[in-house]
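In what follows, a single structure is set out as structure tokens and then discussed.
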Amino acid sequence: MTSSGLGPRGPEETRRRTAELFARLGGTRAGGEVGDPAARDELVTLHLPLVEHAARRFRDRGEPHDDLVQVGTIGLINAIDRFDPERGVEFSTFATPTIVGEIQRHFRDRSRAIRLPRRVHELQTAIAAATGDLTQALGRSPTPRELAEVVGCSVEEIVEGLESRLRSTTFSLHTPTDEAALARSDGSLEHVEIRESVRPLLESLEPRDRRIVVMRFFKNMTQSQIAAELGVSQMQVSRLLTRTLDQLRSSWQEPG
Amino acid sequence: MDAVGGSRRPDVELRLPADSAYASVLRTTTAGLAARLDFTIDDIEDLRIAASEASALMLDQADPGADLLCCYFLDPGRLALRLTVQATTAAPPDQDGFAWQVLSTLASEVDSEVGDGRLTIALAMQPEPVTDGG
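So the protein lines, in turn, are chains S and D.
For the first sequence, the numbering used here begins at 523 and goes up steadily by one.
For the second sequence, the numbering used here begins at 0 and goes up steadily by one.
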């Protein structure tokens with residue numbers, strides 16, 4: 523794992539050289555004072571194989587290998603600057619998470635830049651606001667056309683916006699307010715007509731998930747009505763229903 | 000197949016591999032068509048869920064390598080969807096089961112048919128006409 527491009531070097535040799543270089547670097551590096559810049563450079567070179575290795579783990583993600591090495595090297599340098607040899611931890615053990623973290627951050631930034639350009643993000647915010655206003659004004663959930671008029675964009679953009687909102691993870695279902703609202707709602711199966719064959723399935727659900735499923739499929743409330751009753755957004759109801767149904771599907775398919 | 004008009008030519012057809020990896024294409028197409036028909040957001044999301052549920056029922060029974068054929072029939076205020084898959088040993092979906100309960104709540108009409116080595120599920124959604132809010 524630590525064979526480098528500089529020629530064969532055993533892990534033992536690398537470890538010894540690393541300790542030497544950190545000693546030359548001195549103890550107060552995080553403050554910005556570098557004892558011996560040449561030692562720092564050599565540390566980077568010595569541990570570049572760690573970066574290479576980490577970059578290879580992400581080779582199927584469609585980013586040029588060199589870019590990943592470059593990003594990973596930033597992680598390596600950060601690790602060198604923060605490493606404290608006194609702690610008795612192996613440098614490679616310490617540095618790997620920092621390197622991998624830096625590469626992952628790169629992917630997160632890239633994918634956010636691709637999937638959620640600023641315009642889409644603004645559009646989502648506008649759709650959310652308009653949905654709330656219109657639902658109140660109309661007494662029902664709005665159509666995409668009505669949303670498009672208020673937001674000032676095309677119907678297609680609304681549909682796309684809804685889609686990405688549904689997938690987006692930025693609207694968590696598990697914010698404290700949601701939990702509180704869901705806990706107040708009535709998910710009991712007492713006064714609902716449910717076939718005996720279905721009952722065990724519903725009883726297997728978390729009380730919170732069961733409430734929404736019962737309201738939608740057994741009390742025939744619309745998503746907007748459920749949202750209003752629970753004080754959450756319709757999109758959150760939609761997302762929770764979808765997730766719960768997915769979960770149920772995989773459980774009932776097991777017995778074949 | 001009362002839910003969907005017998006020999007009428009579909010307005011939109013979609014043929015997909017009968018594989019859950021393509022379920023999102025079915026969902027997105029269905030939602031997009033419902034938006035064109037001026038369905039409300041509630042109804043669109045319901046249709047999206049119904050499409051997932053119906054396709055899950057079908058994929059479960061599909062022959063290996065089969066295609067899922069999705070035919071849409073569009074009318075003002077009404078969307079009907081007929082899903083057909085090659086399924087030699089198909090059994091009709093359990094109408095007492097939860098999946099069917101979900102489908103029949105979400106759609107105004109649901110129907111299934113088994114025969115000729117194929118499984119068909121048809122559903123239609125015809126919401127109350129929306130009142131113009133202004």
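Where a beta carbon is used, it is the ideal one built from N, C-alpha and C, also for glycine.
Requested in this report: Give me the Cβ distance between D:L25 and D:C69, rounded to the nearest whole Å; I'm assuming they're in contact under 8 angstroms.
Outcome: 6 angstroms
Query raised in the report: Any idea which residues DSSP pairs D:V113 with across the strands?
Result: D:L118
Query - the stretch 647-655 of chain S contacting the stretch 617-629 of chain S, beta-carbon criterion three pairs below 8 angstroms - result: no
Query raised in the report: Of all the options S:R733, S:Q747, S:T536, which has the alpha carbon lying nearest to the alpha carbon of S:G661?
Result: S:Q747
Requested in this report: Please name the residue in S:L762, S:T744, S:G753, S:E682 whose C-alpha comes closest to that of S:A730.
Outcome: The identity of residue 730 of chain S in the sequence shown is Arg, whereas the question assumes Ala. Measuring from the Cα of S:R730, the nearest candidate turns out to be S:L762.
Requested in this report: Give the range of the beta strand (DSSP E) segment to which D:L68 is assigned.
Outcome: 66-74
Report task. Excluding the 5 residues preceding and the 5 following S:R538 in the sequence, name in chain order all residues of the same chain whose CB lies nearer than 6 angstroms to its CB. Result -> none
Query raised in the report: For D:E12, which beta-bridge partners are listed by DSSP?
Result: D:C70
Report task. Give me the Cα-Cα distance between D:T62 and D:A30, rounded to the nearest whole angstrom. Result -> Reading off the sequence shown, one finds Asp at residue 62 of chain D, where the question assumed Thr. C-alpha separation (whole angstroms): 27 angstroms.
Query raised in the report: From this set, D:A106, D:L73, D:G114, which residue's C-alpha is nearest D:R47's C-alpha?
Result: D:A106
Query raised in the report: Using a C-beta to C-beta distance shorter than 7 angstroms, which residues of chain S count as neighbours of D:G31?
Result: V681
Query raised in the report: Using 8 angstroms as the limit for Cβ to Cβ distance, is D:I48 near chain S?
Result: yes
Query raised in the report: Anyone know if the C-beta pair for S:S663 and S:A670 falls short of 8 angstroms?
Result: no
Query - chain D contact for S:T653 (CB, 8 angstroms cutoff) - result: yes
Query raised in the report: What three-state label does DSSP hand S:E728 in the structure shown?
Result: coil
Query raised in the report: Where DSSP assigns a beta bridge to D:A79, which residues make up the other side?
Result: D:F72, D:A123
Report task. Give me the Cβ distance between S:A577 and S:H587, rounded to the nearest whole Å; I'm assuming they're in contact under 8 angstroms. Result -> 6 angstroms
Report task. Determine the direct distance from the alpha carbon of D:G64 to that of D:V109, and round the result to whole angstroms. Result -> 26 angstroms
Query raised in the report: Are the Cβ atoms of D:R35 and D:T83 separated by less than 8 angstroms?
Result: no
Query raised in the report: S:S663 touches chain D at which residues, Cβ-Cβ below 7 angstroms?
Result: T39, I40, D41
Report task. Check whether the Cβ atoms of S:F613 and S:T540 sit closer than 8 angstroms, and answer yes or no. Result -> yes
**Report entry** Local conformation of D:Q85 per DSSP, three classes
**Finding:** strand
Query raised in the report: Can a CB atom of chain D be found closer than 8 angstroms to the CB of S:F616?
Result: no
Requested in this report: Could you check the C-alpha separation between S:G610 and S:E585 for me, to the nearest Å?
Outcome: 35 angstroms
**Report entry** Three-state class that DSSP yields for S:E585 in the structure shown
**Finding:** coil
Requested in this report: Consider the Cβ of S:E728: report whether some Cβ of chain D lies at a distance smaller than 8 angstroms.
Outcome: no
**Report entry** Assigned exposure category for D:G114 - 16 Cβ within 10 Å defines buried
**Finding:** exposed
Requested in this report: Using only alpha-carbon positions, find the residue among S:E751, S:S726, S:G548, S:E725 that is nearest to S:M737.
Outcome: S:E751
Requested in this report: Indicate whether S:T665 and D:T28 have their beta-carbon atoms separated by less than 8 angstroms.
Outcome: no
**Report entry** Close Cβ partners of S:V573 (< 8 angstroms) along its chain, the five nearest in sequence each way excluded
**Finding:** V591, G594, T595, G597, L598, I621
Query raised in the report: How about S:S676: is its C-beta nearer than 8 angstroms to some C-beta of chain D?
Result: no
Report task. State buried or exposed for S:R581, treating a residue as buried only when at least 16 other CB atoms are found within 10 Å of its CB. Result -> exposed
Report task. Quick one: using the 10 Å Cβ neighbour count with 16 as the cut-off for buried, is D:D59 buried or exposed? Result -> buried
Report task. Output, in chain order, the set of chain D residues within a Cβ distance shorter than 7 angstroms of S:R771. Result -> A55
Query raised in the report: Looking at the C-beta of S:L565, does it have a partner C-beta in chain D at a distance below 8 angstroms?
Result: no
Report task. From the DSSP output, in three-state form, read off D:E52 for me. Result -> helix
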